[in-house]
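Here is the structure we will look at.
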Amino acid sequence: MAWDFSTDPEFQKKLDWVEQFCRDEVEPLGYLFPHAVRLPDPHVRALVKDLQQQVKDQDLWAIFLDEELGGPGYGQLKLGLLNEILGRYPAAPQLFGAAAPDTGNMEMLAAHGTEEQKKRWLEPLINQEMFSAYSMTEPQGGSDPNLFKTHALRDGDEWVISGEKWFTSAGRVADILFVMCTNGMFVVPRDTPGVEIMPEPRNHNHIIYNDVRVPLDHLLGPENGAKVLAQRRLGGGRIHHAMRTIAQCKLAFDMMCERALSRESHGKIIGEHQMVQEKIAESYASINMLRLYVLETAWKIDNSSTQETRTDIAAVKFTMAKVLREVSFNALHILGSLGTTDLTPIQEMYAAAPTMGLADGVDEVHIATVARRVLKEYTPHDGYWPTEYIPAKREEAWEKFKPRFDANPDLLKVAEGYRDYLAKRR
Ligand SMILES: Cc1cc2nc3c(=O)[nH]c(=O)nc-3n(C[C@H](O)[C@H](O)[C@H](O)COP(=O)(O)OP(=O)(O)OC[C@H]3O[C@@H](n4cnc5c(N)ncnc54)[C@H](O)[C@@H]3O)c2cc1C
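Under my numbering, the sequence shown is numbered contiguously, ending at residue 539.
So this is what it looks like as structure tokens:
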């Protein structure tokens with residue numbers, strides 16, 4: 114019997130350490146110095162370095178990287194359990210060397226980079242001496258990669274990249290940009306002449322690549338291989354988002370329950386009103402369903418591959434967006450007017466929830482992917498009636514039992530009795 118929902122006690126100790134470390138150290142740092150990892154101030158840097166050293170001493174640095182890619186190799190299931198804690202604290206992923214968009218870019222470099230490319234970009238990214246961004250979406254289309262136009266033309270010893278990208282998160286502050294072109298994935302240092310960052314939007318940048326020249330060795334992976342690299346990047350990224358989303362849902366749920374027990378209205382604490390109870394019970398069930406699905410999908414990846422788990426990754430992707438929207442709405446609603454302010458994390462969480470249904474692929478595309486892949490496992494039935502057509506099933510059953518009826522006329526009599534009764538009932 115191999116089903117087991119318990120956590121290995123040794124690993125549980127690590128999770129307990131992470132929980133306490135995040136509560137005692139990461140959360141306060143995040144409140145005083147948001148984006149501390151990126152701040153150049155030497156005093157803040159010293160604080161960050163100290164915390165990061167503690168993470169490294171626990172062998173928890175860059176936890177998303179498999180062993181063969183140079184990381185600690187926890188695998189997706191353990192990573193899921195870790196991310197369920199980290200996702201509650203905005204500063205945690207960076208303090209653990211596991212923040213997007215760098216993580217996906219590092220995965221691409223680790224899996225497809227040459228030794229020289231890894232030395233030049235992967236090592237400094239892992240050590241946070243460098244930060245990166247991912248330029249895929251274009252202004253004319255995001256969901257359909259066939260609409261992308263950014264292209265690299267070979268000119269002697271260089272590639273010349275021209276095109277326009279939209280919503281490159283943290284592009285403005287990145288040292289290197291991973292640019293998806295129609296004919297390959299390229300690494301472009303942000304200060305290369307021709308990289309023009311538009312003033313808006315501020316955080317997810319609109320970037321024009323005006324004949325940007327990079328040396329030949331800035332092509333990552335094979336020529337025309339961008340879609341394969343992007344799939345690898347986004348597949349991992351989606352499940353990691355889902356793991357952290359569980360943490361966000363739990364935070365919203367904790368706030369909802371605390372409030373339900375702390376507030377009174379019309380002679381009762383609000384947790385005793387049935388409609389509040391309904392929100393709590395439904396949120397509880399939704400979070401648990403999401404959590405089990407995410408962990409099962411992580412386990413499947415560990416036991417097969419990201420590619421073979423595509424259906425579940427896509428299903429997890431739109432499910433987590435739905436659960437986050439539902440649970441953050443319930444929490445905001447139960448917090449009443451306070452929930453609509455920026456005095457608790459809930460308003461921002463609720464406002465950001467729709468982005469989960471867009472980033473890394475819109476819900477509709479994932480829903481269609483799931484349906485298409487699931488339907489491949491089925492075949493149409495012959496004739497007019499479905500396989501589960503009851504009269505046909507009954508006839509088949511009669512045929513199967515015929516030898517027994519021949520041998521036992523009493524049994525036949527009982528069966529005929531039932532058959533007549535059912536015929537009359539109709
Ligand atoms: C917070 C955030 C961060 C992001 N970071 C990055 C980044 O770092 N780098 C990057 O390159 N991109 C990034 N993106 C962009 C993201 O990848 C795109 O938003 C996404 O692919 C959708 O593209 P779009 O915004 O152009 O929407 P569109 O493709 O225009 O879709 C708009 C709507 O059209 C409908 N639709 C589209 N296609 C279909 C379909 N096949 N079937 C049914 N309905 C459909 C859906 O309702 C969809 O929501 C980020 C997005 C967000 C929200």
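By construction, the Cβ of each residue, glycine as well, lies at the ideal position given by its N, Cα and C atoms.
Being a predicted model, the structure only gives us computed values, none of them experimental.
By DSSP's assignment, Ser-282 forms a beta bridge with His-317. Counting along the chain, the unbroken alpha helix (DSSP H) around Ser-399 starts and ends at 387–416. Annotated three-state conformation of Tyr-187 is coil, per DSSP.
Secondary-structure assignment with DSSP links Arg-326 through a beta bridge to Val-273. Distances taken from the Cβ of Pro-214 to the heavy atoms of ligand 1 include one shorter than 7 Å.
Within the segment 202–235, the complete alpha helix (DSSP H) segments of 4 residues or longer fall at 205–208, 215–225, listed in chain order. If the five residues before and after Ile-198 are omitted, its C-beta is found closer than 8 Å to the C-beta atoms of Leu-128, Val-131, Glu-132, Cys-135, Ala-205, Ala-360, all from its own chain and listed in chain order. Annotation: Pro-493 is outside any alpha helix (DSSP H) and is labelled neither H nor E by DSSP. Secondary structure of Arg-267 (DSSP, three-state): strand. In the structure shown, Ala-287 falls within a coil segment according to DSSP collapsed to helix, strand and coil. The C-beta separation of Thr-422 from Ile-414 comes to about 5 Å, placing the pair in contact by the 8 Å criterion.
Beta-bridge pairing by DSSP links Met-298 to Met-293, Leu-333.
When Cβ pairs closer than 8 Å are counted between the two stretches, the segment 211–221 is seen not to touch the segment 373–380, the count staying below three. Per DSSP, Val-436 has no beta-bridge partner at all. Collapsing the DSSP output to three states places Ile-239 in a helix.
Boundaries of the beta strand (DSSP E) harbouring Ser-245: 245–248, taken from the DSSP string. According to the DSSP secondary-structure assignment, Glu-309 is paired through a beta bridge with Ile-321. When C-alpha distances from Val-478 are compared across Lys-231, Leu-182, Ser-256, the shortest belongs to Ser-256. Unbroken beta strand (DSSP E) stretches of 3 residues or longer found wholly inside the segment 127–172: none. Here the C-alpha atom of Cys-294 lies approximately 30 Å from the C-alpha atom of Ser-417. Taking non-hydrogen atoms of ligand 1 into account, the C-beta of Tyr-322 is found less than 7 Å away from none of them. Short of 8 Å from the beta carbon of Ala-505, and not among the five residues preceding or following it, lie these beta carbons of its own chain, in chain order: Trp-498. Among the bridge pairs identified by DSSP, Lys-381 is matched with Ser-378. In this structure, Leu-448 keeps its C-beta atom at 8 Å or more from the C-beta atom of Arg-538.
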